[in-house]
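S.K.: Residue numbers (my numbering), protein chains in the order written: chain E, 107 to 511; chain B, 215 to 360. Glycine included, C-beta positions come from ideal geometry on N, C-alpha and C.
(1) Assuming residue 133 of chain E and residue 371 of chain E make a contact with CB atoms under 8 Å, what is their CB distance in whole Å?
(2) Could you give the DSSP three-state label for residue 287 of chain E: helix, strand or coil?
(3) Considering just the uninterrupted stretch of the alpha helix (DSSP H) at residue 252 of chain E, what are its terminal residues?
(4) Kindly indicate which residue of E:409, E:279 and E:401 has the alpha-carbon position closest to the one of residue 425 of chain E.
(5) Tell me the residue span of the beta strand (DSSP E) that contains residue 440 of chain E.
(6) Check the Cβ of residue 290 of chain B against every Cβ in chain E and list those closer than 7 Å, keeping chain order.
(7) Could you tell me whether the segment 445-463 of chain E touches the segment 299-311 of chain E, where touching means 3 or more Cβ pairs closer than 8 Å?
(8) In the DSSP output, what is residue 407 of chain E paired with across the bridge?
(9) Rounded to the nearest angstrom, what separates residue 173 of chain E and residue 165 of chain E at their Cα positions?
(10) Pull out every residue of the segment 306-338 of chain E whose Cβ sits closer than 7 Å to any Cβ of chain B, in chain order.
(11) So residue 305 of chain E and residue 228 of chain E are in contact, right, with Cβ under 8 Å, and what is the actual spacing, rounded?
(12) Compute the Euclidean distance between the alpha carbons of residue 244 of chain E and residue 281 of chain E, then round it to the nearest angstrom.
(13) Count the other CB atoms within 10 Å of the CB of residue 263 of chain B; is the residue buried (16 or more) or exposed (fewer)?
(14) Among residues of its own chain, excluding the 5 on either side of residue 161 of chain E, which ones have a beta-carbon nearer than 7 Å to its beta-carbon?
(15) Are residue 159 of chain E and residue 427 of chain E closer than 9 Å when you measure CB to CB?
(16) Does the separation of the CB atoms of residue 396 of chain E and residue 335 of chain E fall below 9 Å?
(17) So which residues of chain B does residue 414 of chain E contact, with C-beta pairs closer than 8 Å?
(18) In chain order, what are the residue ranges of uninterrupted beta strand (DSSP E) at least 3 long that sit wholly in the segment 311-381 of chain E?
(19) Evaluate residue 197 of chain E with the Cβ neighbour count: other Cβ atoms within 10 Å of its Cβ, from every protein chain shown; 16 or more gives buried, anything less gives exposed.
(20) In chain order, what residues of the segment 294-326 of chain B put their CB closer than 8 Å to some CB of chain E?
(21) Below 8 Å, how does it come out for the segment 271-280 of chain B and the segment 291-307 of chain B: are there three or more Cβ pairs, yes or no?
(22) Looking at C-alpha atoms only, which residue of E:283, E:448 and E:288 is the closest neighbour of residue 140 of chain E?
(23) Determine, for residue 184 of chain E, whether the minimum Cβ-Cβ distance to residues of chain B falls below 9 Å.
(24) List the residues of chain E that residue 353 of chain B touches, going by C-beta distances under 9 Å, in chain order.
(25) Report yes or no: do the segment 329-348 of chain E and the segment 377-388 of chain E share at least 3 C-beta pairs separated by less than 8 Å?
(26) Between residue 435 of chain E and chain B, is there a C-beta pair that is closer than 9 Å?
(27) How should residue 238 of chain B be labelled, buried or exposed, when 16 other C-beta atoms within 10 angstroms of its C-beta is the threshold for buried?
(28) Listing by chain order, which chain B residues have their CB less than 9 Å from the CB of residue 402 of chain E?
(29) Could you check the C-alpha separation between residue 115 of chain E and residue 142 of chain E for me, to the nearest Å?
(30) Quick one: does residue 344 of chain B have its CB under 9 Å from some CB of chain E?
(31) Which residues, in chain order, does the segment 166-191 of chain E contribute to contact with chain B at a C-beta distance below 9 Å?
(32) Is the beta carbon of residue 355 of chain B sitting closer than 9 Å to the one on residue 229 of chain B?
(33) Which of helix, strand or coil does DSSP assign to residue 214 of chain E?
(34) Pull the bridge partners of residue 291 of chain B from the DSSP assignment, please.
(35) Using a C-beta to C-beta distance shorter than 9 Å, which residues of chain B count as neighbours of residue 429 of chain E?
(36) Candidates E:210, E:157 and E:500: which alpha carbon is nearest residue 350 of chain E's?
Dropping the structure here:
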């Protein structure tokens, strides 16, 4: 430990004041090949589990929604489900549907964000611009419902705080139609593009066996042919009442994960539509008196995979222990299986393929066998884009133009 | 997996468990002493085929607890192994990382925040505490106030 601090490699510095999550990947390389990868994290440890022990049960959702700006619906949902199980609370039907709607809109915007970033990493900046443009109306819909583009603060023990007003339903449906059309076009563009096939297939493969050993979840697991999804396996909110499919791809490479996410956006659109159609009338919250002593677990399928919360109560008004596991915690270590042996030019997109928070991928430095920094993040991005350019030239593909969209 | 099926499977390691508790249809808690935790974990992962979710370290009043959470995805059941570490002075438990790489980070984390030694862990250096955090101060122990 002490020794690694003295290595000049840490001088690259994983800090960035704008980002919420900092990680630092140290790649050991031999020529062009990666021979080892080491991850350092918790540069900005906020001690949320400890803070949670000092907050009342109904205050904690506001804390956990700030764990991640993008998954700010799934964390509080997993938490309140744990507390509701502990106390035997049944939220009203309408609240379950509202939760479903918000969580699926969150998945749509998160996956679109990923598609954009993935495009950026391999030099498809047009995809980046357009995917993020399509994402904007999703955030507008979320703002319409909850008052916030992110950090919705909408879920509470026993129900929800804000309703989806019936008069906004036509507007949401209209928004969904537009999102669906754009996503279908984007999916088709990805599936039809020979450059993307050449660039992403067989890259960063996480085999099914490795995926089991590293216990990965979400699109990372589903892209390796493991059909797990908490929404189906351990249904919560209104998922059991809706008609949808779990998307899987057997290959385990970056392309498979991209396809899983793109198709999942379309499934989410279907789910929100279904939930709006079936939205029952009635209250959105039930009264909660006290939380008895006991322990319970709650989980929800966040855009990146299973979010898991464990809550223990001693009968007081605060949790005595609250354990949180975000999906990236198990997805990120799988880089040991997917990056070793890969080309340096493929590392950025392989790391990005599990969709760790944006910051994670930006904390890269390559170390040669003597321990000095040879490539920083900018260089890796350049190498990644150059490889795309080479492939384009080799197969004679035309440059992607704005008009193509 | 309902309790009956699990009971059938668990009969092979029943002598290692203190208690089996089913809180709801899909939530099962197994209790054992720290010495038996390795065998029970290995059994759930390799023989039953559960997916490791995470572990939770807890400072209870008279002992430390390490909770290993598993998911049996075919039925959506969460199985939690609750291991009690009675020695508060030098808390230690066998590491499960050698057969389950997914546990590497969380064992390092619990070592950081509670000072539990995971014997046999391949790489038990700090994960979440800062490099200048003082040795021997474990932030999630009850004596450490916020």
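M.R.: According to the data block:
(1) Within the first chain, residue 133 of chain E is the residue found at index 27, counting from 1. Within the first chain, residue 371 of chain E is the residue found at index 265, counting from 1. At roughly 31 Å, the Cβ-Cβ gap does not stay under 8 Å, so residue 133 of chain E and residue 371 of chain E are not in contact.
(2) As a first step, residue 287 of chain E is located in the first chain; it is residue number 181 there, counting from the start. In this structure, residue 287 of chain E counts as helix in the three-state DSSP scheme.
(3) As a first step, residue 252 of chain E must be located in the first chain, where it is residue number 146. 231-252 is the extent of the alpha helix (DSSP H) around residue 252 of chain E.
(4) Mapped onto the first chain, residue 425 of chain E falls at position 319. Ranked by Cα distance from residue 425 of chain E, the options E:409, E:279 and E:401 are led by E:401.
(5) One-based indexing of the first chain puts residue 440 of chain E at position 334. First-last for residue 440 of chain E: undefined, no H or E at that position.
(6) Along the second chain, read from residue 1 onward, the residue named residue 290 of chain B stands at position 76. Contact note: residue 290 of chain B reaches chain E through 339 and 340, using a C-beta cutoff of 7 Å and chain order.
(7) Using a Cβ-Cβ distance cut-off of 8 Å, the segment 445-463 of chain E and the segment 299-311 of chain E are in contact, since at least three pairs of beta carbons, one from each stretch, lie closer than that value.
(8) Within the first chain, the letter at position 301 stands for residue 407 of chain E. In the DSSP output, where bridge partners are listed per residue, residue 407 of chain E has E:412.
(9) Against the first chain, residue 173 of chain E aligns to sequence position 67. Against the first chain, residue 165 of chain E aligns to sequence position 59. Answer to the nearest angstrom: the Cα atoms are 14 Å apart.
(10) Going along the segment 306-338 of chain E in chain order, one finds 319, 320, 321 and 334 with a Cβ nearer than 7 Å to chain B.
(11) Counted from its first residue, the first chain places residue 305 of chain E at position 199. Counted from its first residue, the first chain places residue 228 of chain E at position 122. Separation of the CB atoms of residue 305 of chain E and residue 228 of chain E is rounded to 6 Å, and the pair is thereby assigned contact status at 8 Å.
(12) For this step, residue 244 of chain E is matched to residue 138 along the first chain. For this step, residue 281 of chain E is matched to residue 175 along the first chain. One C-alpha to the other measures close to 8 Å.
(13) The residue labelled residue 263 of chain B in the question sits at position 49 within the second chain. Exposed, since its Cβ has fewer than 16 Cβ neighbours within 10 Å.
(14) Here residue 161 of chain E refers to the residue found at position 55 of the first chain. In its chain, beyond the 5 residues on either side, 169 and 424 have a beta carbon closer than 7 Å to the beta carbon of residue 161 of chain E.
(15) Stepping through the first chain from its first residue, residue 159 of chain E is reached at position 53. Stepping through the first chain from its first residue, residue 427 of chain E is reached at position 321. In this structure, residue 427 of chain E lies closer than 9 Å to residue 159 of chain E by Cβ.
(16) Counted from its first residue, the first chain places residue 396 of chain E at position 290. Counted from its first residue, the first chain places residue 335 of chain E at position 229. In this structure, the beta-carbon distance from residue 396 of chain E to residue 335 of chain E does not fall below 9 Å.
(17) Translated into positions along the first chain, residue 414 of chain E becomes position 308. Residues of chain B passing the Cβ test: 267, 268 and 283.
(18) Those beta strand (DSSP E) runs which fall completely within the segment 311-381 of chain E and span 3+ residues do not exist here.
(19) Start at 1 with the first residue of the first chain, and residue 197 of chain E comes out as number 91. Burial call: buried.
(20) The residues in question are 294, 314, 315, 316, 318, 319 and 320.
(21) The segment 271-280 of chain B makes contact with the segment 291-307 of chain B; the number of CB pairs closer than 8 Å reaches 3 or more.
(22) In the first chain, the residue the question calls residue 140 of chain E occupies position 34. Ranking E:283, E:448 and E:288 by CA distance to the CA of residue 140 of chain E puts E:448 first.
(23) Translated into the one-based positions of the first chain, residue 184 of chain E becomes position 78. Cβ-Cβ to chain B under 9 Å: no for residue 184 of chain E.
(24) By 1-based counting over the second chain, the position of residue 353 of chain B is 139. Near residue 353 of chain B (Cβ distances below 9 Å), the residues of chain E are 153 and 156.
(25) Look at the beta carbons and you see the segment 329-348 of chain E touching the segment 377-388 of chain E: at least three pairs across the two are nearer than 8 Å.
(26) The residue labelled residue 435 of chain E in the question sits at position 329 within the first chain. With 9 Å as the cut-off, residue 435 of chain E counts as an interface residue toward chain B.
(27) Locating residue 238 of chain B in the second chain gives position 24, where the first residue counts as 1. Per the 10 Å Cβ criterion, exposed.
(28) On the first chain, residue 402 of chain E is found 296 positions in, with the first residue counted as 1. Listed along chain B, the residues sitting closer than 9 Å to residue 402 of chain E by beta-carbon distance are 237, 238 and 241.
(29) Working through the first chain from its first residue, we reach residue 115 of chain E at position 9. Working through the first chain from its first residue, we reach residue 142 of chain E at position 36. Legend: pLDDT at residue 115 of chain E = 36, less than 50; position of this residue unreliable, value from coordinates given subsequently. Distance from the CA atom of residue 115 of chain E to the CA atom of residue 142 of chain E, rounded to whole angstroms, is 15 Å.
(30) Residue numbering aside, residue 344 of chain B sits at position 130 when the second chain is read from its first letter. At least one C-beta of chain E is nearer than 9 Å to the C-beta of residue 344 of chain B.
(31) Close to chain B, meaning a Cβ-Cβ distance shorter than 9 Å, are the following residues of the segment 166-191 of chain E: 191.
(32) Residue 355 of chain B sits at position 141 when you count from the first residue of the second chain. Residue 229 of chain B sits at position 15 when you count from the first residue of the second chain. Annotated as distal: residue 355 of chain B and residue 229 of chain B, with beta-carbon spacing of 9 Å or more.
(33) As a first step, residue 214 of chain E must be located in the first chain, where it is residue number 108. Residue state, collapsed to three classes: helix.
(34) By one-based count along the second chain, residue 291 of chain B stands at place 77. The secondary-structure analysis by DSSP pairs residue 291 of chain B across a beta bridge with B:286.
(35) Position 323 of the first chain, counted from the first residue, corresponds to residue 429 of chain E. Neighbours of residue 429 of chain E on chain B, chain order: 268, 269, 270, 271, 272, 281 and 283.
(36) Here residue 350 of chain E corresponds to residue number 244 of the first chain, with the count starting at 1. That would be E:210, whose Cα lies nearest to the Cα of residue 350 of chain E.
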